[in-house]
Ligand SMILES: Nc1ncnc2c1ncn2[C@@H]1O[C@H](COP(=O)(O)OP(=O)(O)O)[C@@H](O)[C@H]1O
Ligand SMILES: [Mg+2]
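Numbering (this note's numbering), first residue to last: 3 to 198.
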């Protein structure tokens, strides 16, 4: 097993062992951290994810952003190109069904998709991060592939990773294709590593 796989297993079990109460507190603290941020205030079209596998719970954040009139999007596995994500409108009326990983997804409706380059902000999930903003995901490379398309785009979304504090490690073992995150927010702290 590689050190990346070992690190994934270790951090995934750490975050899954958080209690329901700790998860609930963390989800509320996340909202307190994020709502005042200019990156969030200035964004209208915001992509985020539904929580899975002990990830920081985004439910309270989603409600708060809807209340602020933000337009939200969820990732869907790309219907044609394996390994990539597309982002589809998410409203309180959106019906969700589990995808192949058991994570809720809206049913694909191409008229509700928004190109990645036209999102203002993407909140990404992650398994482990370090003090440089390097990111280790679940191992599918979905965000790396999808965000690598942006290199040639003139407009780009802000990227903010979301994680529990216990997901920070000294150094993520990085591969050439990994896309680092310019900012990461945990329940206790908003960290910015680089300007975009
Ligand atoms: N931009 C890309 N183009 C093609 N393959 C990619 C790209 N980014 C990642 N991958 C592939 O996806 C797989 C998983 O990537 P990895 O970074 O380990 O996952 P994660 O980012 O979810 O932790 C790797 O085998 C990698 O080769
Ligand atoms: Mg990666």
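Glycine is no exception: its CB is placed at the ideal position from the N, C-alpha and C atoms.
* Leaving out five residues on either side along the sequence, give the residues of the same chain with a beta carbon under 6 Å from the beta carbon of residue 50. => Stepping through the chain shown from its first residue, residue 50 is reached at position 48. Only 60 and 125 meet the Cβ criterion.
* Note the first and the last residue of the continuous beta strand (DSSP E) segment covering residue 185. => On the chain shown, position 183 is the one that residue 185 refers to. Unbroken beta strand (DSSP E) run through residue 185: 185 to 187.
* **Pair within 9 Å by beta-carbon distance, residue 152 and residue 118** => Taking the first residue of the chain shown as position 1, residue 152 is located at position 150. Taking the first residue of the chain shown as position 1, residue 118 is located at position 116. Result yes, Cβ atoms of residue 152 and residue 118 sit closer than 9 Å.
* Can the beta-carbon of residue 91 be found closer than 9 Å to that of residue 108? -> Numbered from its first residue, the chain shown carries residue 91 at position 89. Numbered from its first residue, the chain shown carries residue 108 at position 106. In this structure, residue 108 lies closer than 9 Å to residue 91 by Cβ.
* residue 67 versus 84, 39, 87 and 54, residue with shortest Cα-Cα distance -> Here residue 67 refers to the residue found at position 65 of the chain shown. Ranking the options by Cα distance to residue 67, first place goes to 39.
* **Closer than 8 Å: residue 177 CB and nearest ligand 4 heavy atom** => The model on display carries ligand 1 and ligand 2 but not ligand 4.
* To do: Starting from residue 88, trace the alpha helix (DSSP H) both ways and give me its first and last residue.
  => Mapped onto the chain shown, residue 88 falls at position 86. Unbroken run through residue 88 is the beta strand (DSSP E), 87 to 92; no alpha helix (DSSP H).
* To do: Could you please give the first and the last residue of the uninterrupted alpha helix (DSSP H) stretch that includes residue 49?
  => Locating residue 49 in the chain shown gives position 47, where the first residue counts as 1. Bounds of any alpha helix (DSSP H) do not take in residue 49; it lies within the beta strand (DSSP E) bounded by 47 to 49.
* List in chain order the residues whose CB is within less than 6 Å of at least one heavy atom of ligand 2. => Residues flagged by the Cβ proximity filter: 139, 143, 146 and 180.
* Which residues in the same chain as residue 88 place their Cβ atom closer than 6 Å to its Cβ, once the five residues preceding and following it in sequence are excluded? -> Taking the chain shown and counting its residues from 1, the one referred to as residue 88 is at position 86. By the criterion of a C-beta distance shorter than 6 Å, residue 88 is surrounded in its chain by 78, 80 and 115, once the five residues flanking it on both sides are discounted.
* To do: Report yes if the CB atom of residue 182 is closer than 9 Å to the CB atom of residue 137, and no otherwise.
  => The sequence position of residue 182 within the chain shown is 180, counting from 1. The sequence position of residue 137 within the chain shown is 135, counting from 1. Contact: yes.
* To do: Please go through the same chain and pick out, in chain order, the residues whose beta-carbon is closer than 8 Å to the beta-carbon of residue 143, but skip the five residues on each side of it.
  => On the chain shown, residue 143 is found 141 positions in, with the first residue counted as 1. Once the five neighbours on either side are set aside, the close Cβ partners of residue 143 are 85 and 179.
* To do: Give every residue of the same chain whose Cβ lies closer than 8 Å to the Cβ of residue 94, excluding the five residues on either side of it in the sequence, and list them in chain order.
  => On the chain shown, position 92 is the one that residue 94 refers to. Cβ within range, chain order: 68.
* **Beta-carbon gap between residue 127 and residue 165 smaller than 9 Å** => Your numbering for residue 127 matches position 125 in the chain shown. Your numbering for residue 165 matches position 163 in the chain shown. Contact: yes.
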